Each structure stands twice: as C-alpha cells, then as structure tokens.
Amino acid sequence: MNEKPDKLIDKKGIRTDGRKADELRSVKLQVGVLSHADGSAYIEHGKNKILAAAFGPREVHPKHLMQADRMVLKVRYHMAPFSVQERKSPAPSRREVELSKVIKESLEPALFLELYPRTGVDVFIEVLQADGGTRCAAITAAALAIADAGVPMRDLVVGCAAGKIDDTVVLDLYDAEDKLGAADLPVAYMPSLNAITLLQMDGSLEPAEFEKAVGMAIEGCKKIYEMQKEALKTKYMVVKEVEE
Amino acid sequence: MNEKPDKLIDKKGIRTDGRKADELRSVKLQVGVLSHADGSAYIEHGKNKILAAAFGPREVHPKHLMQADRMVLKVRYHMAPFSVQERKSPAPSRREVELSKVIKESLEPALFLELYPRTGVDVFIEVLQADGGTRCAAITAAALAIADAGVPMRDLVVGCAAGKIDDTVVLDLYDAEDKLGAADLPVAYMPSLNAITLLQMDGSLEPAEFEKAVGMAIEGCKKIYEMQKEALKTKYMVVKEVEE
Amino acid sequence: MNEKPDKLIDKKGIRTDGRKADELRSVKLQVGVLSHADGSAYIEHGKNKILAAAFGPREVHPKHLMQADRMVLKVRYHMAPFSVQERKSPAPSRREVELSKVIKESLEPALFLELYPRTGVDVFIEVLQADGGTRCAAITAAALAIADAGVPMRDLVVGCAAGKIDDTVVLDLYDAEDKLGAADLPVAYMPSLNAITLLQMDGSLEPAEFEKAVGMAIEGCKKIYEMQKEALKTKYMVVKEVEE
Amino acid sequence: MSSLVTKVRSKQIEMLLEKGKRLDDRGLLDTREIKIEQGVIEKAEGSARVYLGKTQVLVGVKVGLGEPFPDTPNEGVLTVNAELVPVASPNFEPGPPDENSIELARVVDRGIRESKCIDNEKLCIAPGKKVFVVFVDIYVLNHDGNLIDASALAAMAALMNTKMPNYEVKDGELKMKQGYTPLPVKSHPITVTTGKISGHLIVDPWIEEEQVMDSRITFATKEDGSICAIQKGGSGYFTPQQILEASKIALDKAVELRKKLDW
Amino acid sequence: MSSLVTKVRSKQIEMLLEKGKRLDDRGLLDTREIKIEQGVIEKAEGSARVYLGKTQVLVGVKVGLGEPFPDTPNEGVLTVNAELVPVASPNFEPGPPDENSIELARVVDRGIRESKCIDNEKLCIAPGKKVFVVFVDIYVLNHDGNLIDASALAAMAALMNTKMPNYEVKDGELKMKQGYTPLPVKSHPITVTTGKISGHLIVDPWIEEEQVMDSRITFATKEDGSICAIQKGGSGYFTPQQILEASKIALDKAVELRKKLDW
Amino acid sequence: MSSLVTKVRSKQIEMLLEKGKRLDDRGLLDTREIKIEQGVIEKAEGSARVYLGKTQVLVGVKVGLGEPFPDTPNEGVLTVNAELVPVASPNFEPGPPDENSIELARVVDRGIRESKCIDNEKLCIAPGKKVFVVFVDIYVLNHDGNLIDASALAAMAALMNTKMPNYEVKDGELKMKQGYTPLPVKSHPITVTTGKISGHLIVDPWIEEEQVMDSRITFATKEDGSICAIQKGGSGYFTPQQILEASKIALDKAVELRKKLDW
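Chains as they are written, first to last, in our numbering: chain P, 1 to 244; chain F, 1001 to 1244; chain V, 2001 to 2244; chain B, 3001 to 3263; chain R, 4001 to 4263; chain U, 5001 to 5263.
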C-alpha cells in the first residue's frame, strides 16, 4: 500500500509516527462496557481497538473438558473481518488459534485455578481494528475483563511489545514498524510478581539487544499497568456514585 | 437459460404457463409413502417434487438439546443435488439453513409442544425437483408427514405463495415468475385457527397489494387444505380396507 | 511421469521390477516400535513403509459409541502428506475413509469382540510411503500391532494382493503395475481359519483368472504369515532376554 | 433462564401489557433510544456502530475487487454476513454461523437488496470482468434484543459511510487512481420489527420481551411507502388482521425514524 | 433394535435358512421384485427411480462442463456421490457423508468405471480444456436392505436415460448447439450382492437379514461374463470356497437380470 | 494420568532437581541422545527422521510448483504443517490440527523463516508467476517430550536433504530439465527449549517432566549467535532473570549441537 520509507527512525531518534524510541502509543481503557458479559473491557492502544469479555466462573461446556482439580480457562482471540486491510474470513486462522493459546497461557498464571475446580472462565477477545501489537493490547483488556467479572487474581496481566527498527531497540511497534522492522518481541507481565507470562519473538536480535528489549517492554507494561488499575478504580467509583 | 418474455401475464390475464391470476398449479398429495419413517408424505405441486418424513415422538439426539418442559421439533429442508438447474452441493447452503428455521417455526404452532416434554420430533424434507414455491409445498407435505406419524396437531399447516408479476397480484408463482416477477410472498396458514405461521416477502409491494396478496395466498392455502384432508383420509381408508 | 512400458511382463515371465509372476516383494516386519502405543508394528513391503499402532482395550471415546454387548474396533488408515507423488492433504480423503472401513472389517473376524463388551480398541495406520498394495501391508502390520497390545486374537490377519498385468495373473502388484495393469485384487486372510476377511477388485478378470488370483493371493498371505509369526516371536524373545 | 423464572417474568410482562405498559416503561409502540456513530473503524471502507437501547451492533464494510456473477455482468457483488460474537451474550458460542446468525444476515441482506438502495451498476469497473465486491460484516457486540432492526440500521449507516477507491481500465490493465468515491446509495430502507406477546403487538422488543414473545414480524419499507422485505419469526403465529396491523405500524414507525435520522 | 430382539430374530432367520426359506418367503437365491422408472426428474439430464422390494433409490444425473484431469485430457469426468437421506431410515442422520455412504458411492462408481460402460472419450469437447462432467447423485429414499444393488441399478438406469447438450468449439469459443445427444453408454454392468448368514449364502438380503448378517460380497459383472469390481463388506469372513460360490451366483443372477431388463 | 499420581511424580522430580538430578539420570542441562537419519522417504524430495531420546519425528518435504504471494513475486513459498499422529501418544486424536499442532508448526516455521536459512529468491522460476512451493510436513511418530526441538531439528535435516527438479522457461512455457538441484540452505538455526520446574531450568524436557512442568521457553538461534525466534509456552511464568538465563543456555547448547552435528 504505502511505500517503504528509507528509515523507520530518523537521526533525532523520531519514529515515523512521531514517537521517540521508548515512547508508548496512546492507550485508552474502559471497563464494564458490555451489559451481558460478567466482565468486559475495551482498549484503544494506538489504532488498535479491542473488546474483551469474560464469562464465569460457570459450568464448563462441553462437559468433558471439565477438570476435577482446577478451573478451566478458555480464551478465544478473534479478528473482525473488517479489522485488517484485506477482509479476513471469520473462520479462525492458524495465527488466531496460536494467539488464543499463548494469550490463555499468559493469563493463567494470574488465576487461582486450583481453588475453583470443576468451573470454567471463558474469555472472548474481538479485535475490531488491528494496528500492530494486538496480542499485547488484547491481554491488557482481557485481564481487565476477568477482574471486572470478579474472578480473584494474583495480579493484573499487562501486555506490551518491544522490538527493533533499523538498528534501534524501540517500544511498542505499530503496524508499519512491525512489518518493516527487524524484530518484534511481545511481552506479557505481572508487575507486582515480576513475572513474564508471555514472550515471543521473530526477527533478529543480538543477545544484548534482546536483554534491552525485554527490559524496555517491561517498562512499557508497568506504565500501562497504572492505567489498568486506574480504569478499574474509575469503573467502581462511577458505580459507587451511581449507587449513592 | 430462457429469454425473458415481454410479459409474464397477457391482456386476458393469462400467465406464461396458461394459468389465471388466482389459479393454483396442480397439486398431488400422497401420505405414507416410506416404510421406515414414522410418517411420510409426497407432494407434487406444479413441477415441485418433495418428500417429507417425520420421526417421533422419540428421544432427542444429541441429548443436550432435550428440553425439560417441551417437545423439540427439528426440521431439515434439503435440496437434492439434481433438483435444480446447476448441480447443487449436498452440503446445506445458507438458504437451506434459513428455510429449515422458518419452516420449523411455521409448524411449531400446530403442535402441542408443552404436552410432550423431553421428546423430539424430527422432520426431514427432501426437494427432489424445484420449480418455485418449494418452501410452501414443503410445509404442506411436512404437516401431512407429522399427522401420518400420529403426532397430535391443533390443525394441519398448509403453504401457498402469492406475489406480483408485471403489475398484477397473482397466486402461486412458479420458477420463472419467481425469478422475473416483482414480488414473492410465501405464506403458511392453519385454516381452522385462522393463523398465519409463515410469512416472508421479497420484491416490492404497495400496502394495498400486500393486503391483497395475503388474502389471495390464504385462499390458496384453503384449497390445498381440502386436498390435505382428503389425502389423509384416503390413506387411512386404504389402510382400513387392507386390514379388513 | 514415467512413460508406460510396452510390456509389464516379458516373454520370460519377468516383471518390470525383476520379479516372477508369483514372487512377493521383499517384506520386513518389526514389532513394538513405538513406546507410547499399547502395541505397534512397522512394515516395509516393497517400497511401502507403514506404521501401525494399537491402543486398548480401553474406554470407548466418545461414549455414545460404546456397545453394551461387544468391543468396538476403530481403525484409521491415513496417508502422510509426503507418502505419494503429489503432496496429499492430511484431511482424510474418501478413499481413506473407505479403506479404513474395509480394513476394520478385515480385522474384526480375528477378534473376540463379544468377550470384551463396553471396551474399545483403536488401530491407527500411517502410510509413510506408498508403492501399491498399501491396504494389504497395512492389514499385516495392524494385526501385529493388535497382537503386540496383548488383545486376544483368533488368528493373525495377513494381507496380500494378486492381480493381472498384460495377460498374466501375478502376485503382489507394485505401484506401476497397479496403475497400468488390468486388475488388482487385494485379499486379507486368516490362514489357520482359512478365512478371507477382505476382498476387493477393480479391473477386469475372467472367472478362471479370478479363481487363480484368489488362490495366488492366499499363497502370498501364507508366506507373509510365517514372517508375522517370526516377528512376534523375535520381539518377545528379545524382551525375555532383556528381562533375564 | 429457568422455566419457572421465565413463567413469572412472562406473567409480569403480560399484566403490564394489559395496562399498555412495558417493563422498561416504554409505550407499546415506542422504539428505544437510537444512537448512530459512523466511521468508527478508520481502516474499513465504511463502518457504523448503532446503539438501540443497550443493544450494540457494529458493521464494517470492506470493498474489494472481484468478478461479477455470470448472470449480472454489469453489477457489483454484495455480501452480507453476521457474527453473533460471543462477547455479546452468554448464550452465543464461537463457531460457524448458526441458524440465527444466518437468518439475521439474510433478512438484512434482503432489505438492502430488494430495496435496490445501492446503485449496483456503478459498482462495475470492467463489465463481465472486474467489479467491486462489497462485504457487509454485521458484528453484534451486545445483545439486548431486536438484533434485526439494530443490524439493518447499522448496515445502512455503514453503507452510507462507505467510500470506494477509484479505478480505471487502461490498455487492458486495471489502475488505481487518486481519491475515493462514496458508495452510490440511492435510497434508505427502514426495518421495523413488531413482536407479539399474548395478543399484544409491541415495537422494538428488548431481550426480556423476546424471551417470552410468541413471534415477531419484520417489515423493511422504502421512502415511497412500499414494502420490500418481510420476515416472520418465532414459534407462534399471527392472525391476518395482526399482520396487517403490524405492517401499518412498521410503515408509521419508518416515517417517524426517517424524520429523526433525516434519511 | 435391542440386543435381545436381534438374537431372537437372528435365530429365527437361521432356522428358516436351514429349511431353505427366508422371512419374506423368498428362496435363498431369489431377488426381490424390481421396478425401474426412468426420467422421473424432468429437470435433471438423466434420472431413474428403482424399487428393489421396498428399498427405494433415486438417482439424478447432472451434466456440466469442466476441465479434464491432467492425465486424461481426452476424457470426461465422472463423479458418483451417495446420500443416505434421513427420510430413508431412523438410523440415518443428516450431515456429511459417513463411511457407509462413501463406501456405497465408491462401489457403484467402481462398477461403472471399471466396466468402461461409458465411452469417456465422447465426453471430451476440447481436449485438455473442456469436457463434460457427469455427476451421478445416488439418493437413498427408503432403506429396506441391499442398497448397493439397488443403487448400482438406479445409477445405470439413470445414465441410460441421460442426455447431453450439444456443443461446438468455434473460433476458440464454446457454443451450445441445438438438441441433445444421449450419453454414450456402451455396456451394462450388473451388480449382485450375496450375504452370508451362519454359512448360508443368500441373494439380495433385505434389512432384517442385513441386521444379523455376517458379511456380504458384491460382484459387478459385464455382458461377456467377466468380473469388473468386487467388494467384501461386514465384520465376518468367507472361505475361499464360499467366495467362488458367490461369484458364480452373481454371474448367474446377472444373466437372469439382463434377460428381465433387456440390458 | 490421575491427579494423585501426577502429584507424587511431581514431588519426586522436584526432589531430584534439588540435588541436580533428573529421573532419567541426565544433568539439568543435558540433551538426550540425538540420532538423525536423512533420506528415509525416497519418494519425497527431502526427508529426515530424528530420534531425541525416545521422541521420534519424521519430516517429509515435497516440492511443488505454484504462484508466489503478490507481495513477494520473486520468492518461493514455504509451508510448514505438523501432525500429532495418533500412533505417537494415547492422548493424540485423529482430526484437524489442534492448538498444540498448530503452535508446533508455527514455532518451527518461525525458526526457519526468521533465520532466512533458505535462499528464497532461488526458489523463483518466473517472477510473479511460477515459484517452488516447499511443503514441510512434520509427522510426530512417538511423543516422549520436547516435540519442538525434535521437530525443528528434523525439519532442518530434511530441508538440507531436499532436492528440487530443474525447470526453465522457454517461449513462455515451463519445461522440466534433467537432474536436480539441492534446496539452497544458507544457514542452520538451532532450536533449544528450556523447561522450568519449581524454579529449576532444565534443557530438553522429556514427557514425564513436561507433565509437571510450569512453563517452557524456546529460542531459535543462528550461527552468528543472534536470536531469530522465541516462544514461551505453558501455564506458568518466568522472571526476567530466568528468561535471560534460558537465552544463555539456548545459545550455549546451540554451539554444542553445531559441533556435534557439524552444522
């Protein structure tokens, strides 16, 4: 579509969307946006627009998936047909199946699975518009939806990527940087437990760059974590005000 | 395939297949035509050739569809691959899924669903040859199959379409009229209860034409209803004769 | 790919791969090759390379397939995508579904199904390389896998085809003979019971040729049967030695 | 919902209807509040989010290139698809479209197609060879009842918001030109669904009403007062009189909505 | 059927067979009454309904245009599909073809294909580019046993009733000409299935027999007395002697049927 | 395995790890014995069987012709697919790929693709029109743990063993020439997975360990010591420190393996 620019980051360290190397895109979070889900959240992370809903704890369906000694978390990451440049078939792609799995595994460490045997929590993520880094933004929203559903959690989980464009390690790649850059490294993190729950990478990174990128992603996660907590508080404050 | 004729109805009010505006196609009904179904019926409505079979009341399969407080009616409307001009894949099309649903909802008002909880009745409809108005003819046959299976009914359900060709409201469109005409309005009706159980329309109708078309379709239904009752009687008379 | 040769069998009765009319391809059998299956076997029959694994007797899954009065044998014959000239989709083809059925029915007569009600045995066959006669070689391996799993059997089942190339009835057709020959007649047989448990044919055979081909296939089966017994013995001898 | 709860709620709703009232304080023929946001998905060629009370439907329109159908070589292709996304209701499950989402898509499709609201011939680039393919994807985000009306409204709002890239055929090659052209929308069908609960006709049923409703009937009508699509749904029936009454209600409500929306 | 009922019925059938009798009064080698109606689906290019006793199979043939397979550029394409339509038996379920319908289709296909009864080269319109594609759809309407023989018979009767439109290639363009040509059917394979119940061989088993039958074997044979397809089915076995006996029965019955049908 | 057995086994494994030992007598950072057989499927263009302890993976490579993707008209197409064949484990079921086999295929694919180990432009025959399509099919034959490393190794070994037919474009027609050319493999990524059990990092976990493992992390690295792909899996987490430790382990093991394999 667009021509590849000569450089993704200029001499002054400014990226093609005007950000600095370690600068996040704008993030907007909203909790409790859907009336029929037990919990829900909406995130705008740059141009990503993602909705997450949580249902449960409830009966596991189909029954043979029920576990006698733990709660079953199911996660579906799904992209709307209109969320990307070329219309996407609504049938789940292999990419969506893989992302559903790694997102599930990024959320599980936050849950007390063994305390709620024979129950299930279902998390549905709908990417309404995609602009790079959807899995991270999806995790940020999904954790809020689970919290909003009242499911006890060890900590919120927050997602943010780092990566490399041209020769520079940068935070939070957007679509064009993801496609034209040298590496993308999505991370999910539980700040109060210092626990990395998702880590993937593709591209090419020297070990030192890798170390730097992990650190930068964690810093990004920490910033978004503050917004997550604020969003939860806001929702319940608002609820409280209404109730008074 | 064929060229579009200048007019679908001529000055004398005669249609391209020789019928008058309010004239039905020939209808032939046969009950109890299949030995392994609990009830069955065959209809030739114009060139439509349709077979319907009813099974039940019986156990609901799969079990999770069973309802504790009512009978479950399942209906499948299906077209044989050779029933239409271009071979149709036997996999159900979106059209067949929708018609199965509206036909089911056209038959349900005739059944005492709440009197037979935890049971199911399955109705399978096979369109062997299609010539316009298959859903209506299918309903006529399906109601007979259910009655033949001995399932108690409030009334028979009978289907007949009206519509508009050129500028005239007419009864019972056949294939060419359906494709080239201005509107098609299939109706299902329970005569003794004066109840419309299916109504769909596509095309363009003025409110007055709509009112006229509904009335005409109901008159058509009433005529076929008499044949339905006759077909049921004939079957049981024949059965009786054999038994003597 | 290759040109069709003028003759599939020369004046001296030698076939395009150097064999005589009633000569088997080389057969290599190995039992107990997989550590996570209850029983397993590997066969190289000519260039066919096939792996079979048996699981059970175990619970039937899904449960509604369980039989109150007999064991349920399930068989899947499956070809690896790289086993044939043009890459094969891993989704089961109609041919694979049919072969799974006839192979299952060729093995059932060897099992005491009625003695193990409510249980199931699953046999999975993977064709890693195909060179004509895979269903027969698959049966030979599957019977060994079942025996290796310790499931009691009336007899081993052994598979071998006969057929007709040019005007000659021959044993054990390989790929080129199968494709260019006049008839292929796969047979499965339980030697000690003189029971034919699989028989298929396509092509063209006079009744006399048919009779001859059946006899030839049975002789082939008997030879492979000796190797089967040897392969089982070898495995258990080896096991015994290890245990001492 | 358990059968007992349904019966109690059903009784309550009927008693209110007897008095001309509804659970949510609306009159029998009142529509819930409508809010329309267009252009909410910047990357799609067209989009709109509609709130009908708490019901929330997002429609995205993608415009691609494709071949026309052999029997309409001069016309673009319109495809309507609906997803009952599982975020919208505890009763929606992920998976291929079921009979409910297929019916929803087909009813909305019929309203658009039969009203001839899109000038299909303007979607043709090279007759018989290249035409625009318009994908209308209905995404139900919150199911609080009356998905048909909300979806039909969102689909029209999204189509009115849709732009097509410009193409020209030069020396047999297709070339993209600068700029965009709005999708040629000629008219604006309005879809109104009436529900029947123990003999009472109500407009725009919400979810509590849908759960106890006998049946529904949907009319799509055009600016000129003609009817272009009808769909009866549900396990109950209508008398011919009720059908005619519902058609009049639908025509009246359409006039009212056209004024409100300036369509 | 419950296991007990099956056992009782099984015993009864065996006792009758000992005396050379069958439940429906046939002799062991008697075929049920056959009725063939051709041209029953006017809109299909070919069709036939066969009654074999109460078993009822309808076959429709559609003739379309398509590309040949790369390795047979001069030949038309034949496709056989079978649907065990759920009207035919309480045990048939709607859904994609299961192993039974796939086996049925493939056995019928084999009889047609291996007998070379259709002059495949006459189905070629433009070598390597356009050929006729012949779809044979087997529709089982009532399952009273021996679907293979009934379906094979109906498929042949439908093919004999099939007409193809006329085409010519003119200036590289395909043009339809006036009139129709019959499908070139050169021979008529006859398919005969023999069942085995506790050692007895019976022809044309009906459903009560199939439920207790050990196994079956099907032979398709040609006018010249040669065998062109075989299929053993069922969980039992045959001795080599029984196989040969069944082949002779099949050849004899085929001769008898050819006379009756004038094939 | 029952929950109780798992717990007992889990305890046993943890107690051993405290002492720096493993159930199968390996050290924490020891890889199981590796055996590689190339060319085992003569009919495939490339193949290799890898034994990693008792884990057994067969990879077959088929080379076909196809069209390039529009955005990379000068490059061949690589497709990686994985089948968890049910012979390999009582827990594998036949059917379409589940999330485990899809993840396996995609992680192996990423290691190959991101390392740029195949000279993709040499797979182009006619730019924008014809390229080689390379199908890498991973067939897991025995699942004794660490399928990712075994599969990545087998995939690379199979690609190194792959030959492509020679083609030339003459007068716009594609012609096959004599002989074969080896697939242009430029480098050799090595994939190393580290598991975490109650705080201990172990290399090449086998199945008993996998069943009690918190999580795993996989690094694919190149000859030059750079990282080209990472995948964390499992329901547990890693501290940032553990992640860095695992990356160092993976780089060290890769050096060790390269020596052993002469890659």
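Even glycine gets a Cβ: it sits at the ideal position worked out from N, Cα and C. None of these values were measured; they are calculated from a predicted model.
Going by DSSP in three states, residue i sits in which element: helix, strand or coil?
i, result
"R:Pro-4240", "helix"
"V:Met-2066", "coil"
"V:Pro-2005", "coil"
"F:Ser-1040", "strand"
"R:Glu-4014", "helix"
"F:Cys-1160", "strand"
"B:Thr-3194", "strand"
"F:Pro-1117", "coil"
Between residue i and chain P, is the shortest Cβ-Cβ distance under 9 Å, so that the two count as touching?
i, result
"U:Gly-5095", "no"
"U:Ala-5152", "no"
Note down, in chain order, every chain R residue with its Cβ under 9 Å from the Cβ of residue i.
i, result
"F:Gln-1030", "Those within 9 Å of F:Gln-1030 in chain R number zero; the least Cβ separation is about 13 Å."
When burial is assigned at 16 or more other CB atoms within 10 Å of the CB, is residue i buried or exposed?
i, result
"F:His-974", "The first residue shown for chain F is 1001 and the last is 1244, placing residue 974 of chain F beyond what the model contains."
"F:His-1061", "exposed"
"V:Tyr-2236", "exposed"
"U:Val-5255", "exposed"
"B:Met-3176", "exposed"
"V:Ala-2068", "exposed"
"R:Glu-4168", "exposed"
"B:Pro-3127", "exposed"
"V:Ser-2083", "buried"
Output, in chain order, the set of chain F residues within a Cβ distance shorter than 8 Å of residue i.
i, result
"B:Ile-3243", "Ile-1196, Leu-1199 and Val-1214"
"B:Leu-3251", "Pro-1207"
Taking C-beta pairs closer than 8 Å, name the residues in chain P that residue i reaches, listed in chain order.
i, result
"U:Thr-5239", "Asn-194, Ala-195 and Ile-196"
Quick check: is the beta carbon of residue i nearer than 9 Å to any beta carbon in chain B?
i, result
"F:Gly-1246", "The question about residue 1246 of chain F has no answer, for chain F in this structure spans 1001 to 1244."
How about residue i: is its C-beta nearer than 9 Å to some C-beta of chain D?
i, result
"R:Gln-4231", "The question asks about chain D, but that chain is absent: this structure's protein chains are P, F, V, B, R and U."
Along chain U, in chain order, which residues have C-beta atoms closer than 7 Å to that of residue i?
i, result
"V:Arg-2087", "Lys-5062, Gly-5064 and Phe-5135"
Where do the ends of the alpha helix (DSSP H) carrying residue i lie?
i, result
"U:Ala-5154", "5147-5160"
"V:Thr-2134", "2134-2148"
Name, please, each residue of chain B whose Cβ falls closer than 7 Å to the Cβ of residue i.
i, result
"F:Phe-1210", "Ile-3227 and Ser-3247"
Which residues bound the beta strand (DSSP E) around residue i?
i, result
"R:Leu-4058", "4055-4066"
"P:Ser-204", "195-205"
"U:Cys-5124", "5124-5126"
"R:Leu-4221", "A small fix is needed here, since residue 4221 of chain R is Thr in this sequence, not Leu. 4215-4221 is the extent of the beta strand (DSSP E) around R:Thr-4221."
Would you say residue i reaches chain R, if we count a Cβ-Cβ gap shorter than 9 Å as a contact?
i, result
"F:Arg-1154", "no"
Chain P partners of residue i, CB-CB under 9 Å?
i, result
"B:Ile-3041", "Lys-49, Ala-80, Phe-82, Ser-83, Leu-128 and Gln-129"
Any heavy atom of the ligand MN within a distance shorter than 8 Å of the CB on residue i?
i, result
"P:Ser-100", "The model on display carries no ligand, and the ligand MN is accordingly not part of it."
Which bits of chain V does residue i rub up against, with CB to CB less than 7 Å?
i, result
"U:Asn-5142", "Leu-2034, Ser-2035 and His-2036"
9 Å is my cut-off, CB to CB: does residue i come that close to chain F?
i, result
"B:Lys-3019", "no"
Should residue i be flagged as near chain V, meaning a C-beta pair shorter than 9 Å?
i, result
"U:Lys-5054", "yes"
"U:Thr-5006", "no"
Could you list which residues in chain V have their beta carbon closer than 9 Å to that of residue i, in chain order?
i, result
"U:Val-5212", "Within chain V, no residue comes near U:Val-5212; the closest Cβ sits about 17 Å away, beyond 9 Å."
Using the beta-carbon of each residue, which ones in chain B are nearer than 9 Å to residue i?
i, result
"F:Pro-1109", "Asp-3214, Ser-3215, Ser-3235, Gly-3236 and Tyr-3237"
Name the chain F residues whose beta carbon is nearer than 7 Å to that of residue i?
i, result
"B:Glu-3075", "Chain F residues near B:Glu-3075: none, gap ~16 Å exceeds 7 Å."
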